Each structure stands twice: as C-alpha cells, then as structure tokens.
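A.B. asks: Sharing a structure here in structure tokens format.
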Amino acid sequence: MEQSGEQLIQAIQLDVWNALHDPEVLKKCLDGCLSMERVSDHQFQAVVSAKIGPVRAKFNALIHVENLAPPDSYTLVVDVKGGVAGFGKGTADISLSSMGDTTNLTYTVKGHVGGRLAQIGSRLIVSASRKMADSFFANFAKLWAENQV
C-alpha cells in the first residue's frame with residue numbers, strides 16, 4: 053500500500069517542524085488517539101482506537117523518527133500492533149518547504165498489514181489509511197488556522 057498527499061499550513065516552516073515533533077499536537081491531530089508520549093528524542097509511543105471496516109481495536113504504535121534533516125524532512129518508521137486485529141508496519145516520508153509565511157507539507161506513506169486486518173481487503177485498508185492520513189493533516193492545518201498551536 054502506498055499513498056501520498058500535501059497540505060498547505062498557514063505558518064512558517066520552523067514552527068510547523070516543531071509542532072510535528074510535539075506529542076500533544078500530534079495527539080490532537082490523530083483521530084482516535086488515546087495517548088501519545090515521547091519515549092526518547094527520536095521515538096514516540098501511541099495508543100489509537102480505530103475502526104477499519106468490521107474491525108475495531110486499540111492499536112499500540114511505536115514510532116521512530118529517522119533521516120532527520122531539520123527543518124526540511126524526516127522519515128517515520130511505524131510498528132503497529134492490534135492484538136487479534138492484526139499488525140501494521142510502514143514508513144512515512146515528510147517534507148516541508150517554505151512559501152513565505154506558509155509551509156507546504158508533502159508526505160508519502162508506504163505500509164502493509166497482517167492478521168485479521170489483511171483479511172478484510174486491500175481496497176478497504178487503503179481507503180481507511182487515506183482517510184486517516186488526510187484527516188491528520190487537515191486537523192493539523194485547522195489547529196494553525198484556529199491559533200491553537
């Protein structure tokens with residue numbers, strides 16, 4: 053599974069970079085996020101409740117931040133476990149570029165799932181992951197628009 057997208061954020065690039073590394077901001081932006089904690093300089097742990105097709109579960113995610121090139125780009129390496137619901141592994145390449153007082157954020161996500169999640173069909177998984185990614189970045193942009201970051 054692979055997908056990409058972009059979002060314009062009404063903030064300067066360095067501020068966007070810093071917010072994308074703030075666990076409280078990340079928690080606000082990720083639908084169903086029950087917790088988001090920084091466990092080291094380059095690692096987060098999250099618990100997310102999600103429904104994908106007929107499967108509803110709590111997923112534990114370990115997120116490693118790699119290939120840091122502040123304030124321009126980085127890669128997230130994600131390992132997700134959902135118990136009997138299954139598991140997921142993937143990467144997200146995030147790039148930021150300055151456009152004056154606006155930042156263009158682009159992302160490319162690659163991943164795969166296993167277990168019960170893999171049995172519900174790739175089109176449903178792709179659709180759900182697209183919705184989750186789009187929602188995250190739309191929520192992130194909305195926080196800036198409402199001056200909550």
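Here our numbering runs 52 ahead of the position in the sequence shown, where the first position is 1.
Glycine included, each C-beta is placed from N, C-alpha and C at the ideal position.
From a predicted model like this one, the values you see are computed outputs, not experimental measurements.
1) Could you pull the start and end residues of the alpha helix (DSSP H) that A71 belongs to?
2) With distances taken from CA atoms, which of F192, G135, E198 is nearest D74?
3) Per DSSP, which one or two residues make a beta bridge with S125?
4) Within 10 angstroms of its Cβ, does Q171 collect 16 or more other Cβ (buried), or is it exposed?
5) Is it right to say Q62 is buried, meaning 16 or more other beta carbons lie within 10 angstroms of its own, or is it exposed?
6) Within the same chain, show all residues whose beta-carbon is closer than 8 Å to that of L66, passing over the 5 residues directly before and after it, in chain order.
7) Quick test of the definition: if touching needs 3 or more C-beta pairs under 8 Å, does the stretch 81 to 100 touch the stretch 148 to 155?
8) Report the partner residues of V99 according to the DSSP bridge assignment.
9) Look up G135 in the DSSP assignment and say whether it is helix, strand or coil.
10) Rounding to the nearest angstrom, what Cα-Cα distance links V130 and K79 in this structure?
C.D. replies: Looking at the atomic coordinates:
1) Working through the sequence shown from its first residue, we reach residue 71 at position 19. Residues 65 to 71.
2) Translated into positions along the sequence shown, residue 74 becomes position 22. Of the listed residues, the one whose Cα sits closest to D74 is F192.
3) For the purposes of this step, residue 125 is identified with residue 73 of the sequence shown, where counting begins at 1. Answer is A121, S147, bridged to S125.
4) Translated into the one-based positions of the sequence shown, residue 171 becomes position 119. With fewer than 16 other Cβ atoms within 10 Å, it is exposed.
5) Taking the sequence shown and counting its residues from 1, the one referred to as residue 62 is at position 10. So Q62 ends up on the exposed side.
6) Taking the sequence shown and counting its residues from 1, the one referred to as residue 66 is at position 14. Excluding positions up to five away in sequence, the list reads P123.
7) no
8) The count along the sequence shown starts at 1 and reaches residue 99 at position 47. In the DSSP output, where bridge partners are listed per residue, V99 has S87, N112.
9) On the sequence shown, position 83 is the one that residue 135 refers to. Residue state, collapsed to three classes: helix.
10) Sequence index remark: in the sequence shown, residue 130 carries index 78 (1-based). Sequence index remark: in the sequence shown, residue 79 carries index 27 (1-based). Their backbone Cα atoms lie some 16 Å apart in a straight line.
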